[in-house]
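Trainee: Using the numbering used here, read the sequence shown as starting at 5 and increasing by one per residue.
Ideal placement from N, C-alpha and C gives every residue a C-beta, glycine not left out.
Mind having a look at this structure? Questions to follow.
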Amino acid sequence: MLVKEDKSSFPSFAAARLIDTHAHLNFNAYRDDVNMVIKRSLDNQVWMINVGSQYGTSKRAVEIAKKYPEGVYAAVGLHPIHLSNGIFKTKIDKEEIEFETREEEFNYQKYKELAQSKKVVAIGEIGLDYYYRPKTKKKLEEFRNRQREIFLKQLGLAVDLNLPVIFHCRMAHDDLIETLNKQRTTNNEQLKGVVHCFTGNWEQAGQYLDMGFYLGFNGIIFKLNLDEIIKKTPLEKILIETDCPYLTPPPMTGRNEPIYVKYV
5 MLVKEDKSSF PSFAAARLID THAHLNFNAY RDDVNMVIKR SLDNQVWMIN VGSQYGTSKR
65 AVEIAKKYPE GVYAAVGLHP IHLSNGIFKT KIDKEEIEFE TREEEFNYQK YKELAQSKKV
125 VAIGEIGLDY YYRPKTKKKL EEFRNRQREI FLKQLGLAVD LNLPVIFHCR MAHDDLIETL
185 NKQRTTNNEQ LKGVVHCFTG NWEQAGQYLD MGFYLGFNGI IFKLNLDEII KKTPLEKILI
245 ETDCPYLTPP PMTGRNEPIY VKYV
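As structure tokens, then:
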């Protein structure tokens, strides 16, 4: 039986020099050396939040975090490309899966139990992803509705547990903004969180900021022209991240890891 842990106070991050707010050391890419990667980071006062994408990787993120008294935390959630949509199969990156991946139905109770660990600091990554999509208009609408349905359930979980949200959004900012505006009204503006790996335009950035959300930036800033958006965004509303093992920032090459957040 799960014993609910006391989440009345969040951990203090004061001892960290830098925090990688979005890492995936729970992924297959770190199966052989996750402990060494974490040690390198902690030795350099770089803390991290390992973010789940399915139940399996979410559970793994919590298990990793529990091994460390401080500096390593977890987020749990079902990424939109992993949900069972019954319409078509999306492409899964082989670096992501810990074992054999599968489409997944969102189980509110299982995620709620997992999220009650004191090492869990957010629900995520969750959101909308329209990159992989059906070709017919009817199936496309069904696909988007399915994503929104599961997204809303996970937003409800975040409100229920009073946790911030790590938002994933790809080619769907207008829909995400509309959904969040409605939900903030419904939930008396209780939603809080960060739009991870932000790649939208300034108008969209401004709407997120007006709702009180943070913007997350990582190595993708070296591939896309986001300079003006970063300059206009208040420093206190910016979070840095690696999204490792992806998006390695220069001058580094190869697999990304939390210690490289200093280059962002």
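1. Can leucine 159 and asparagine 185 be called in contact, C-beta distance under 9 Å?
2. So proline 262 and cysteine 248 are supposed to be a Cβ contact under 8 Å. How far apart are they, rounded?
3. When the Cα atoms are used, what is the spatial distance from leucine 22 to glutamine 187?
4. Could you work out which residue in Gly220, Lys235, Ala126, Lys241 is closest to aspartate 214 when comparing CA atoms only?
5. Could you check whether the Cβ of lysine 235 sits closer than 9 Å to any Cβ belonging to chain D?
6. What residue from Gly197, Glu193, Gln194, Glu232 has the CA that sits closest to glycine 204's CA?
7. Can you tell me where the beta strand (DSSP E) with phenylalanine 288 in it begins and where it stops?
8. Could you give the residue range of the beta strand (DSSP E) that holds glycine 197?
9. Excluding the 5 residues preceding and the 5 following leucine 87 in the sequence, name in chain order all residues of the same chain whose CB lies nearer than 8 Å to its CB.
10. Given a threshold of 16 other Cβ atoms within 10 Å of its Cβ, counted over all protein chains shown, does tryptophan 276 qualify as buried or as exposed?
11. Could you give the DSSP three-state label for phenylalanine 171: helix, strand or coil?
12. What residue from Asn229, Leu195, Ser57 has the CA that sits closest to aspartate 133's CA?
13. How close, in whole Å, do the beta carbons of valine 66 and leucine 118 come, if the pair is a contact with beta carbons under 8 Å?
14. On a CA-only basis, which of Phe202, Gln49, Pro138 is nearest isoleucine 181? Give me that one, please.
15. Please work out which residues of its chain come closer than 7 Å, Cβ to Cβ, to lysine 236, disregarding the five sequence neighbours upstream and downstream, and give them in chain order.
16. In whole angstroms, give me the CA-to-CA distance for glutamate 102 and tyrosine 135.
Mentor: Once the coordinates are examined:
1. no
2. 6 Å
3. 32 Å
4. Lys241
5. Included in the structure is just one protein chain, with no chain D present.
6. Glu232
7. Nothing can be reported for residue 288: it is not among the residues displayed for the chain, which extend from 5 to 268.
8. 197-199
9. Glu107, Glu108, Glu109, Phe110, Arg150, Gln151, Ile154
10. Outside the displayed range of the chain (5 to 268) lies residue 276, so it cannot be described from this structure.
11. strand
12. Ser57
13. 6 Å
14. Phe202
15. Trp206
16. Note on glutamate 102: pLDDT 46, under 50, position unreliable in the model; the coordinate value appears next. Whole-angstrom Cα-Cα distance: 23 Å.
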